[in-house]
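Counting with the numbering used here, you get residues 7 to 123 for the letters of the sequence shown.
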Amino acid sequence: QVQLVESGGGLVQPGGSLTLSCAASASIFAIYAMAWHRQAPGKQRELVAVIPSGGRANYADSVKGRFTISRGNAKNTVNLQMNNLKPEDTAVYYCYAVGFDPTLVAWGQGTLVTVSS
7 QVQLVESGGG
17 LVQPGGSLTL
27 SCAASASIFA
37 IYAMAWHRQA
47 PGKQRELVAV
57 IPSGGRANYA
67 DSVKGRFTIS
77 RGNAKNTVNL
87 QMNNLKPEDT
97 AVYYCYAVGF
107 DPTLVAWGQG
117 TLVTVSS
């Protein structure tokens, strides 16, 4: 069953902003941390940002100062605010959740972000 659903991808010009959102289904396991990964064409999937319950967010060096991950007001939601986007940010972005039991993980289906003029 679908457990994570992303939204907010699209086409944006360099220097622009975009916000991605992810919502987990009500039946999902107890979530410890939520994160965003991305996979660019021909490259491996990489961690972009992660935010644990009650903890501090961590970011990939390539997005520090430009991206902000936050837990949404609704339970088990996470957002990724992306500012000053660059062409190299073009990728499919995936929402990810891991439970307090680390064997429990879930991935979203992915949303495409294209940064191009």
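Glycine is no exception: its CB is placed at the ideal position from the N, C-alpha and C atoms.
Note that the structure is a prediction, hence the values are computed from the model and not measured.
With the cut-off set at 8 Å, would you say A29 and T83 are in Cβ contact?
If you number the sequence shown from 1, residue 29 lands on position 23. If you number the sequence shown from 1, residue 83 lands on position 77. Cβ distance < 8 Å, so A29 and T83 count as in contact.
Do you know whose CA, among H43, F106, G16 and S68, lies nearest G60's CA?
In the sequence shown, residue 60 corresponds to position 54, counting from 1. Closest in C-alpha terms to G60, from the list H43, F106, G16 and S68, comes F106.
Does the distance from the C-beta atom of V111 to that of L91 stay below 8 Å?
Position 105 of the sequence shown holds residue 111. Position 85 of the sequence shown holds residue 91. Contact: no.
From the DSSP secondary-structure annotation, give me the bridge partner or partners of A97.
Your numbering for residue 97 matches position 91 in the sequence shown. Answer by DSSP bridge pairing, in chain order: V119.
Would you call D95 buried or exposed, if buried means 16 or more other Cβ atoms sit within 10 Å of its Cβ?
Sequence index remark: in the sequence shown, residue 95 carries index 89 (1-based). It counts as buried.
Does V56 come out as helix, strand or coil in the three-state DSSP assignment?
Here the question's residue 56 lines up with position 50 in the sequence shown. Of the three classes helix, strand and coil, the one that applies to V56 here is strand, per DSSP.
Under DSSP, the beta strand (DSSP E) around I37 begins and ends at which residues?
Numbered from its first residue, the sequence shown carries residue 37 at position 31. Note, I37: beta strand (DSSP E), I37 to Q45.
C-alpha distance - S33 paired with V98, whole-angstrom precision:
Stepping through the sequence shown from its first residue, residue 33 is reached at position 27. Stepping through the sequence shown from its first residue, residue 98 is reached at position 92. So the two alpha carbons sit approximately 25 Å from each other.
In three-state terms, what does DSSP make of G22?
Reading the sequence shown from its first residue, position 16 is the one you call residue 22. DSSP places G22 in coil when its eight states are reduced to three.
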